[in-house]
Every structure is written in C-alpha cells, then in structure tokens.
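Okay, so the sequence shown: first residue is 1 according to UniProt numbering, each after it adds one. Ideal placement from N, C-alpha and C gives every residue a C-beta, glycine not left out.
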Amino acid sequence: MTLNYNLTYTKKHIRQPVWYIVDAQKQTLGRLSSIITQILRGKNKVNYTPYLKSDIYIIIINTKLVNISGSKIKQKLYKRHSGRPGGMKVETLEKLQDRLPNVIVEKAIKGMLPKNKLGRKLFNQVKFYSNNIHPHSSQKPSTININ
1 MTLNYNLTYT KKHIRQPVWY IVDAQKQTLG RLSSIITQIL RGKNKVNYTP YLKSDIYIII
61 INTKLVNISG SKIKQKLYKR HSGRPGGMKV ETLEKLQDRL PNVIVEKAIK GMLPKNKLGR
121 KLFNQVKFYS NNIHPHSSQK PSTININ
C-alpha cells in the first residue's frame, strides 16, 4: 500500500483574506441572501473545501432598503421568546424593518448557513450596516453586483 500525498485543500499561509462589499438597495431579500451565502462559503472558488472556513468577508450596506416581494411586508411574522411564561413576542416584518433593519437580512443569511460551528464562524464574517457608511474602507473591499 502506498501513501497518497496529494494535497486536497489549500494551506492556511496560502489563503489570503478577501473583502467584498454588497449594496442591498432594491435587492430581493431571498436572492440576495442566497448569493451572499454561496460567496461566503467559497463555493465560487476553485479551492472550495466544505469543512474549512473561507477567508472571505462580506460587508452589506443599505440593509434598510432591501426589497421584500409580495405581501410579506404585512404577513411575515418574526417571533422571539424571553424565556419567561407568556414571553412570546410577535412582530411583523414591516415593524421590525422600521425598528431594526439589519435583523431581517441577518436572519435570512443565518438561516441559509450550516447549523454547526462552521456556520457560526462564517456568520461572524458578515458585517451589516443599515446605510452606506461603514468603517471597513481600510480593507479595500471589492464591489459585487448582484443582479
């Protein structure tokens, strides 16, 4: 029996962090979050490895201007529970978008990531901003057009 020394993943010192910026203005929520999830996992790269954390960071700006299709703006409900008896809080998408515009995009992306340690680490690599001002200009992010 011979050993196979073929390298099937990229070594850590070869991988460089890459920063992308995405404008969520007038983008459909589901399509935006699915494309961001694919890019974040590195599925568009040649050296994609499913069990490794990618070195891709994504900045999402203008999250309060994301487009919601259909009548979901009034019908979709977001639920949270305080942990106390009778502590269920229910809020429509419209009210949540007025109060916390980032949470809608955060929940959509988090729901599309794997439900394990890798998914939690990948979610920390996404930065959300409700307007177009962000503190990551020193990373020189490249723009991704989602159309």
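- The three-state reading of DSSP puts leucine 52 in coil, since its state is none of H, G, I, E or B.
- The C-alpha of histidine 13 is placed about 44 Å away from the C-alpha of serine 82.
- Per the Cβ contact rule, the stretch 59-68 is not in contact with the stretch 37-51 (fewer than 3 Cβ pairs under 8 Å).
- Apart from sequence neighbours up to five positions away, the residues of its chain that approach methionine 88 with a beta-carbon distance below 6 Å are His81, ordered along the chain.
- Annotated as proximal: leucine 113 and phenylalanine 123, with beta-carbon spacing under 8 Å.
- Beta-bridge pairing by DSSP links aspartate 23 to Ile61.
- Only residues of its own chain outside the window of five on either side were considered, and among them Thr28 have a CB closer than 7 Å to the CB of serine 69, listed in chain order.
- Boundaries for leucine 113: no alpha helix (DSSP H) harbours it, and the DSSP string shows neither H nor E there.
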